[in-house]
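Counting from 1, position 229 in the sequence shown corresponds to residue 225 in this note's numbering; the numbering is continuous, with no gaps.
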Amino acid sequence: MRLPGSGLIFGLPVVLDTNNEAVKECDKVLLKYKGQNLGVLEVESKWMPNKAREVKDCYRTSSLEHPGVQMVAMERGKYYIGGKLWGFELPKRVFPCATPAEVRAMLPAKQDVVVFQCRNPVHRAHYELFTRALHAPNVRTGAVCLVHPTCGPTQDDDIPGIVRYHTYEVLKAELGNANIKWAYLPYSMHMAGPREAIQHMLIRKNYGCTHFIVGRDMAGSKSCLSGEDFYGIYDAQNFAKEHAAELGMQTVPSADVVYTQEQGYVTADVAKGQGLHVKKLSGTKFRQMLRSGEDIPEWFAFKSVVKVLRDHTQQST
-3 MRLPGSGLIF GLPVVLDTNN EAVKECDKVL LKYKGQNLGV LEVESKWMPN
47 KAREVKDCYR TSSLEHPGVQ MVAMERGKYY IGGKLWGFEL PKRVFPCATP
97 AEVRAMLPAK QDVVVFQCRN PVHRAHYELF TRALHAPNVR TGAVCLVHPT
147 CGPTQDDDIP GIVRYHTYEV LKAELGNANI KWAYLPYSMH MAGPREAIQH
197 MLIRKNYGCT HFIVGRDMAG SKSCLSGEDF YGIYDAQNFA KEHAAELGMQ
247 TVPSADVVYT QEQGYVTADV AKGQGLHVKK LSGTKFRQML RSGEDIPEWF
297 AFKSVVKVLR DHTQQST
């Protein structure tokens, strides 16, 4: 988890892979994305990686049930190549992704910036979570929250990135909150648990953030055969907290909030301590309601977000 030589901490390897036997050192390789010429790589090294060691170190498992392991083993090429890179232009995407410099420029100077990472549409519980984080003991008064979703490819059953982007845009307009900033990250989740928490903190520090909300079971994954989790529910939180100072950031553990009949959203501890009646709606039930056209309670989801998701669901059936 540390770079050779410098000993600096890093999250997950970012590599350029190929099956092309002809590529060799000193070659210049044109990098393309959907017909767009992005840059040129002058190849300085080409090697066959030890993928068994890579997946064990990064994902703590070699099981092909883990999506990250499956990606490394079955989708990446035989060789990794590295070298000097000359960029031409940024990729053109179906949704806008501001650069780190552009995001830093829109954030207030000398204020804490608490970042909320997500890969799914934002619902009421998420909103409660990241607005409460602004009042955490280690966050100064006047802080802002950067909602910074990953909009790249995720798992097969996830909502497409462009649809998620539209849910964020309509919610941004609906909330109209100056203390909540929005930007989008062109990143594909690896579901690497603790290592991915470090990856996200490194990325978000580059975007100008000072605090990172670490969810329970962040970037978690489980076996589809046994149902067992690959990581413990607090592994990512503990790992992020352990290395936060070295990264020059602080962590804010996500609050476990629930909706109650009597008091609306409160923490699970408050609900239990006061004997409040908790209302729940599972993700499976929510998707069924989207397809059937049933009214979805506003305590669970924002109307604007529901409309985008329902339109997508109807177009997909």
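Here a beta-carbon is modelled for each residue, glycine too, at the ideal position from N, C-alpha and C.
Work out the CA separation of residue j and residue i for me, nearest whole Å.
{"i": "Phe235", "j": "Met214", "result": "11 Å"}
{"i": "Lys74", "j": "Met67", "result": "12 Å"}
{"i": "Val143", "j": "Val253", "result": "18 Å"}
{"i": "Glu85", "j": "Val36", "result": "11 Å"}
{"i": "Met285", "j": "Glu38", "result": "53 Å"}
{"i": "Gly79", "j": "Glu165", "result": "38 Å"}
{"i": "Leu12", "j": "Asp265", "result": "46 Å"}
{"i": "Ala335", "j": "His119", "result": "What the structure shows of the chain is the stretch from -3 to 313, and residue 335 is not part of that stretch, so it cannot be assessed."}
{"i": "Gln311", "j": "Val301", "result": "16 Å"}
{"i": "Val65", "j": "His196", "result": "19 Å"}
{"i": "Thr14", "j": "Lys28", "result": "13 Å"}
{"i": "Phe282", "j": "Thr57", "result": "32 Å"}
{"i": "His62", "j": "Ser41", "result": "29 Å"}
{"i": "Phe6", "j": "Asn202", "result": "13 Å"}
{"i": "Val135", "j": "Lys177", "result": "16 Å"}
{"i": "Asp225", "j": "Ser217", "result": "6 Å"}
{"i": "Cys93", "j": "Gly157", "result": "12 Å"}
{"i": "Asp154", "j": "Leu221", "result": "20 Å"}
Shortest alpha-carbon distance to residue i belongs to which of the options?
{"i": "Tyr255", "options": "Ala240, Gly83, Val248 and Ala121", "result": "Ala121"}
{"i": "Gly244", "options": "Gln259, Gly223, Thr206 and Thr57", "result": "Thr206"}
{"i": "Arg(-2)", "options": "Val111, Ile194, Phe112 and Pro104", "result": "Ile194"}
{"i": "Cys141", "options": "Tyr161, Gly279 and Tyr123", "result": "Tyr123"}
{"i": "Asp53", "options": "Phe126, Ala241, Gly189 and Glu294", "result": "Gly189"}
{"i": "Gly31", "options": "Asp23, Lys42 and Lys88", "result": "Lys88"}
{"i": "Phe91", "options": "Tyr183, Val274, Lys237 and Met44", "result": "Tyr183"}
{"i": "Gly148", "options": "Ala132, Ala174 and Tyr180", "result": "Tyr180"}
What would DSSP say about residue i, mapped onto helix, strand or coil?
{"i": "Arg(-2)", "result": "strand"}
{"i": "Thr206", "result": "coil"}
{"i": "Tyr261", "result": "strand"}
{"i": "Thr137", "result": "coil"}
{"i": "Leu167", "result": "helix"}
{"i": "Ile77", "result": "strand"}
{"i": "Thr127", "result": "helix"}
{"i": "Ile199", "result": "helix"}
{"i": "Thr280", "result": "helix"}
Between which two residues does the beta strand (DSSP E) carrying residue i extend?
{"i": "Ile5", "result": "Run containing Ile5: none; DSSP gives neither H nor E here."}
How far does the alpha helix (DSSP H) with residue i in it reach, from first residue to last?
{"i": "Thr14", "result": "Segment Leu12 to Thr14 is the beta strand (DSSP E) holding Thr14; no alpha helix (DSSP H) there."}
{"i": "Asn234", "result": "Asp231 to Leu243"}
{"i": "Lys106", "result": "Run containing Lys106: none; DSSP gives neither H nor E here."}
Below 8 Å, is the gap between the Cβ of residue i and the nearest heavy atom of the ligand GTP?
{"i": "Ala297", "result": "Absence of the ligand GTP from the depicted structure is noted, as is the absence of any ligand whatsoever, leaving it without description."}
Could you give the C-beta distance for residue i and residue j, rounded to a whole number, given that I count them as a contact under 8 Å?
{"i": "Val159", "j": "Phe208", "result": "The Cβ separation is near 26 Å, so there is no contact."}
{"i": "Ser250", "j": "Gly211", "result": "4 Å"}
{"i": "Pro117", "j": "Leu305", "result": "6 Å"}
Please confirm if residue i has its CB atom under 9 Å from at least one CB of chain C.
{"i": "Lys80", "result": "Absence of chain C from the displayed structure is noted, only one protein chain being present."}
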